[in-house]
Ligand code: NHR
Ligand code: GAR
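Numbering (the numbering used here), first residue to last: 3 to 223.
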């Protein structure tokens with residue numbers, strides 16, 4: 003059966019688009035069963051509509067607390083079926099209820115070289131620190147915010163004249179290449195989370211995950 007992916011978004015959905023494009027191109031052997039947003043205005047919902055994919059809006063403000071919001075999302079996601087649940091610019095912290103329900107099949111992409119710069123405003127923080135490299139990380143999601151086991155990272159060089167905006171743009175290009183690639187590993191049943199850590203092709207990955215070379219890495223602007 004084709005690998006089923008549910009994608010959670012809060013914004014523009016450029017990572018969602020990269021996933022949809024990879025499915026369309028045949029490089030990601032999966033089916034996106036649902037695009038779920040906590041914001042009705044999220045641009046990614048239009049992308050899902052164009053691709054003919056079921057959409058749902060579950061607004062966190064309609065729920066008494068985080069657990070109730072998460073329970074509503076679980077119910078909707080499971081109606082559509084998901085072998086992997088993908089966070090793609092999803093901006094709500096998830097409770098243990100949600101994280102445990104999808105243990106080992108919940109993945110996030112984060113715009114920094116984790117464990118550096120967990121949380122928000124990662125590009126400004128990398129610049130502020132004077133880092134010479136920056137990038138993005140894909141990880142299994144656990145209760146520990148941005149602290150789950152790392153699957154893969156891609157690095158870019160930071161230039162003298164970079165701003166948070168220019169960095170964000172280059173990091174996003176890396177994300178758009180890296181995320182579909184990692185998801186193709188899942189779709190091909192090559193990637194799993196074990197008690198010992200992350201396993202790719204039956205081998206345990208190092209703590210920072212697979213370091214990947216991407217076409218987008220060579221770009222400076
Ligand atoms: N939930 C858990 N339990 N663990 C993780 O690793 C998670 C998570 C939920 C989202 C994505 C993450 C990121 O890649 C993510 C990882 C939102 C916030 C946040 O502070 C932090 C990290 C991430 C996403 N959210 C605020 C909140 O109160 C709201 C911010 C807003 O709406 O703009 O939920 O960076
Ligand atoms: C991406 O850069 C992603 O790494 C980041 O938000 C952007 C979403 O863009 N995620 C987070 O910061 C999670 N807190 P998109 O909606 O165009 O995919």
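Even for Gly, the Cβ is constructed at its ideal location relative to N, Cα and C.
In the structure shown, residue 46 falls within a helical segment according to DSSP collapsed to helix, strand and coil. Shortest Cα-Cα distance from residue 216 to any of 195, 172 and 208 involves 172.
Cβ neighbours of residue 212 within its own chain (closer than 8 Å, five residues either side excluded): 153, 154, 155 and 202.
The three-state reading of DSSP puts residue 60 in coil, since its state is none of H, G, I, E or B. Per DSSP, residue 178 is not a residue of any beta strand (DSSP E); the alpha helix (DSSP H) it occupies stretches across 166-189.
The three-state secondary structure of residue 17, taken from DSSP, is helix.
DSSP places residue 127 within a helical segment (H, G or I) once states are collapsed to three. About 12 Å separates the beta carbon of residue 189 from that of residue 84, a gap too long to meet the 8 Å contact definition. Within the chosen limit of 7 Å, the ligand GAR reaches the beta carbon of residue 15 through at least one heavy atom. Separation of residue 122 and residue 110 (C-alpha to C-alpha, rounded to the nearest whole angstrom) is 14 Å. With fewer than 16 other Cβ atoms from the protein chains shown falling within 10 Å of its own Cβ, residue 163 counts as exposed. By the neighbour-count definition (other C-beta atoms within 10 Å, threshold 16), residue 112 is a buried residue. DSSP, read as helix, strand or coil, puts residue 99 in helix. If you check the CB distance, residue 139 and residue 170 do not come in under 8 Å. For residue 136, the closest of 206, 178 and 127 by C-alpha to C-alpha distance is 127. A contact is defined here as three or more CB-CB pairs under 8 Å, and the region 26-41 fails this definition with respect to the region 193-201. Of the heavy atoms belonging to the ligand GAR, none sits nearer than 7 Å to the Cβ of residue 147.
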